[in-house]
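Here the structure comes first, spelled out in structure tokens, and everything after it is commentary.
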Amino acid sequence: MLATTRSLTRKAMANAGSIAVGSQSSICCNSPSVIASCRVTVPSATTTRATYHPSTTFSRGFSTVPTDDGEDTKEEKGTSDTTPTPDKTTEDYASTSLPPPPPSATSKTVENELKKNLKPSEIVESLNRHIVGQHDAKRAVAIAMRNRWRRRQLSDELRKEVTPRNVLLVGPTGCGKTEVARRMAMLNDAPFIKVEATKFTEVGYHGRDVDQIIRDLMDVAMQLAKKQHTETFKEQAELMAEERILDILSGPSSDAAARGRDSFREMLRQGLLDEQEIEIDVPNNKPNQADVDQNNPQIVAISDMMQRFAGGGKKPPTERKKLPITEAKGVILEIELERLLETVDLKKSAVSAVEESGIVFIDEIDKICSPREGFSSRSADASAEGVQRDLLPLIEGTTINTKHGNVNTDYILFIASGAFHAVKVSDLLPELQGRLPIRVELAGLTEDDLYKILTEPVANLIRQQVELIGAEGVDLVFEDEAIREIARMAALLNKTVENIGARRLHTVLERIMENISFDAAELDEGAKVIVDKATVQDRLKDVTMKADVSRYIL
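This is the structure:
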């Protein structure tokens, strides 16, 4: 008797579900209230309309969604809820409207590991697209970056004994030292930071001490770790956000409403419900009223602790808003991502990334160096030799206290650069020289190098000027002879006035483009402006023979 009653109940529920699906599919885009009234409520069950809240947990319920061919659920087959359900394969998901789960984190990690660890030849090739010449510097940087990956492949015992070989780049200003560092940051997914040595002062003086370098590097690593884990969880969070929206539209998933839920899902993915408004609870993030000195890790830690105590462990305040589904989808996705990121120890991941793969580029290191000749060579400057002494333990290896935890600098790669015009490399502290064992000399730029800088890089200066004038609808053309004359004039000024390297090209080119840039907005659309050798010589004729050229140099 009981079996007969259950059978009749199942048939009634199936018929009611089919009626509900037909009604919803025809009017769902216009009236949510009518949709709600079309849902069939089984007498023995209780249907509750769901409202979204960040703290609510739910089950996606893959095992309770009926398939297209009308298969029964596990309760209809008489199995208990405690019976384990086998994992679905890709074919199983193909028969339902749900997407397959995201690939495992291990496969993504291996794939990302191969992408971000380029071979030395690939690194040099990438740098060649933006930097002309300086082959030795590119090779040294590429080898240092590759050695970071090689060290991680060693056994634990041997890995502790292998320390990075720090690099010192020496060359005149404007030859590409800083550009190498900037392009390295774009190529490498490891924590990377570029700092100016002149920004730091000796411990005990007002200013930033060198420990702030590692604290800033940790902030970069935290952002990088959050970004990487966000990409890992993105597909899962999108699926969870979709289920949340379906809960609000059609109520919690149940056997009776399963087919109606599938109908809503199809319309949601097709964009038919984008203009429909729903109510969601949005976290109300109030700005921090207190100004905290971020340079002091103790103050930052105390501030974080006080905020936790003030919150009393309660859930963050929320406010209910009525938003279109297009906007609500993005808000819910961010909330779900934050919930998933709470399951990951981002601080531990960031500390490990800094200690094993961190790279610090210290520019203008010659500016904290004083000549060692004579008895009065010792400088009282707070940004001079004292900063070198503070850098010694940092480069050799020490533990720095940050707001994210203690960081060991034993295996961080340091790359320093400097022009060393007024001082020599030997004027650095001998201990600091020993901690920068690989020294690379960068050559000054010749006339041929300046010509290549104007033409070969992807975003060369000539192309930049052409595109800027092209925004006015004017076609700007540089003849090859004019480009060579620009390179010749820049090289001549570097020899006769002051050698500022490739930066001289900006001075010369802006002098030539002054009248053209001013008059381009007045020209007719489609007009053509040609810059030839005679134009270059005419614009620079008063520069070549005069001794006073202060107006035309940086």
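Following full-length UniProt numbering, the numbering of the sequence shown begins with 1 at its first residue and continues without gaps.
Note that CB positions come from ideal geometry on N, CA and C, so glycine has one too.
Between the options, which lies nearest to residue i when the distance is taken from Cα to Cα?
i    : options                   : result
P437 : G444, L428 and E514       : L428
V132 : L454, S263, K194 and V508 : L454
E485 : K533, E396, A140 and S263 : K533
L509 : R320, R148 and Y451       : Y451
I365 : A225, F414 and A137       : F414
D524 : G251, G473 and L442       : G473
T178 : S417, A197 and F192       : S417
A225 : V531, G260, C175 and S349 : S349
V210 : Q228, I462, R152 and T409 : T409
E431 : F192, L392 and R148       : L392
I412 : I500, V351 and P457       : V351
G386 : K160, R372, K199 and I368 : I368
N188 : V360, D345 and E447       : V360
M435 : A422, L394 and V458       : In the sequence as displayed, the identity of residue 435 is Arg instead of Met. Considering only alpha carbons, the answer is L394.
D390 : E202, R504, T318 and V407 : E202
D448 : L341, A490 and I123       : A490
D281 : I245, R244 and R320       : R320
R165 : G174, V180 and M145       : M145
Q388 : E355, Q433 and A502       : Q433
S426 : Q270, N406 and P371       : P371
R215 : G260, E522 and K403       : K403
F192 : T507, G358, L445 and D363 : G358
I248 : Q223, V354 and I278       : I278
M222 : E125, V354 and E441       : V354
So what does residue i bridge to, in DSSP terms?
i           : result
R439        : L168
I359        : F192 and L413
residue 594 : Any answer about residue 594 is impossible in this case: the structure gives the chain only from 1 up to 554.
R320        : D281
I530        : V477
G418        : V170
Residues in the same chain with beta-carbon distance under 7 Å from residue i, minus the five sequence neighbours each way, listed in chain order, please.
i    : result
K541 : none
P32  : Residue confidence is low: P32 scores 39 on pLDDT, short of 50, so the model does not pin down where it sits. Its coordinate-derived value is still stated next. Closer than 7 Å at Cβ, skipping near neighbours: Q276.
F420 : V170 and D366
R539 : R511 and I512
R151 : R159 and V162
A487 : E447, L450, Y451 and L454
Span of the alpha helix (DSSP H) holding residue i?
i           : result
R503        : R503 to D519
R215        : D211 to S250
R273        : Position check: residue 273 holds Leu in this sequence, whereas Arg was assumed. Where L273 is concerned, there is no enclosing alpha helix (DSSP H), given that its DSSP letter is neither H nor E.
P120        : P120 to N128
A144        : H135 to R152
P393        : E385 to E396
R159        : D156 to R159
K424        : K424 -> no alpha helix (DSSP H), and no H or E assigned at all.
L333        : I325 to L341
I462        : L461 to G470
residue 556 : No answer is possible for residue 556: the residues shown for the chain start at 1 and end at 554.
E430        : In the sequence under discussion, the amino acid at residue 430 is Pro, which differs from the Glu named in the question. Where P430 is concerned, the enclosing alpha helix (DSSP H) stretches over P430 to G434.
T455        : E447 to T455
Looking at the secondary structure, which residues open and close the beta strand (DSSP E) in which residue i lies?
i    : result
T399 : T399 to T402
V524 : A quick correction: the sequence has Asp, not Val, at residue 524. Taken as a continuous stretch (DSSP letters only), D524 belongs to no beta strand (DSSP E), as it is neither H nor E.
V407 : G405 to N408
What does a CB cutoff of less than 6 Å around residue i pick up in its chain, not counting 5 residues either side in sequence?
i    : result
D475 : K528
T535 : none
L127 : K138 and R183
G22  : At G22 the pLDDT is 39, less than 50, meaning the model places this residue with poor confidence and gives no usable figure here.
S80  : Because S80 carries a pLDDT of 41, less than 50, the predicted location of this residue cannot be relied on, and no value is offered for it.
Going by the C-beta, is residue i closer than 8 Å to any heavy atom of the ligand ZN?
i    : result
R152 : Because no ligand of any kind appears in the structure shown, any question about the ligand ZN cannot be addressed here.
I'd like the list of long-range same chain contacts for residue i, defined as Cβ closer than 8 Å, with 5 residues on each side in sequence excluded.
i    : result
P457 : R129, H130, I131 and V132
I516 : I469, L476, V529 and V531
L246 : S253, R261, F264, R265 and L268
T230 : L337 and L341
L143 : In the sequence on display, residue 143 carries Ile and not Leu. So the list reads P120, once near-sequence residues are dropped.
V220 : P191, F192 and I193
Per the contact definition of three or more C-beta pairs closer than 8 Å, is the stretch 470-484 in contact with the stretch 159-174? no
Does the structure place the stretch 394-405 close enough to the stretch 459-467 that three or more beta carbon pairs sit under 8 Å? no
Could you tell me whether the stretch 327-341 touches the stretch 232-241, using the rule of 3 or more Cβ pairs below 8 Å? yes
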